[in-house]
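Enquirer: In the numbering used here, the protein residues as written are 254 to 376.
We put the CB at the ideal spot given by N, CA and C, even for glycine.
1. Out of curiosity, what's the CA-to-CA distance linking residue 294 and residue 333?
2. Just the Cα atoms here: how many angstroms apart are residue 344 and residue 351?
3. Would you decide whether residue 297 is buried or exposed? Buried here means 16 or more other CB atoms lie within 10 Å of its CB.
4. Can you tell me whether residue 340 is buried or exposed? The criterion is at least 16 other CB atoms within 10 Å of its CB, across all chains shown.
5. If you draw a straight line from the C-alpha of residue 323 to the C-alpha of residue 358, how long is it?
6. By the DSSP assignment, the alpha helix (DSSP H) with residue 296 in it spans what residues?
7. Using CA atoms only, rank isn't needed, just tell me which of 277, 363, 369 and 366 is closest to residue 315.
8. In whole angstroms, give me the CA-to-CA distance for residue 289 and residue 353.
9. How far does the alpha helix (DSSP H) with residue 363 in it extend, from its first residue to its last?
10. What's the call for residue 285, buried or exposed, on a 16-neighbour Cβ count within 10 Å?
The structure is reproduced here in structure tokens:
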């Protein structure tokens with residue numbers, strides 16, 4: 254049996270294994286956001302991110318192909334979270350939209366490392 258078949262059998266054997274994998278992937282992304290925001294992309298290591306999550310670097314690489322893949326996933330994950338948090342429904346008025354934007358600005362101001370990371374990457 255080749256390795257891909259073994260992996261498929263393990264992950265489809267029990268529905269709960271998907272939930273565990275999804276939860277671990279989310280924890281990796283949350284830790285990576287913190288690391289990239291505090292230390293920068295180049296100074297952050299997969300080993301330290303994995304250690305914070307309580308897994309090995311190999312375990313992290315099971316979920317992400319490498320550091321660049323992790324960064325792309327961090328950006329996508331953070332963007333989805335922000336959209337859910339602030340724009341999950343259509344504002345009823347311009348005043349409500351303004352309030353949402355003020356809340357978003359306050360949220361970003363409370364996370365300067367994360368905001369700096371996004372600004373550097375967007376430049």
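Expert: With the given structure in hand:
1. 20 angstroms
2. 9 angstroms
3. buried
4. exposed
5. 26 angstroms
6. No alpha helix (DSSP H) holds residue 296; DSSP gives it neither H nor E.
7. 277
8. 26 angstroms
9. Taken as a continuous stretch (DSSP letters only), residue 363 belongs to no alpha helix (DSSP H), as it is neither H nor E.
10. buried
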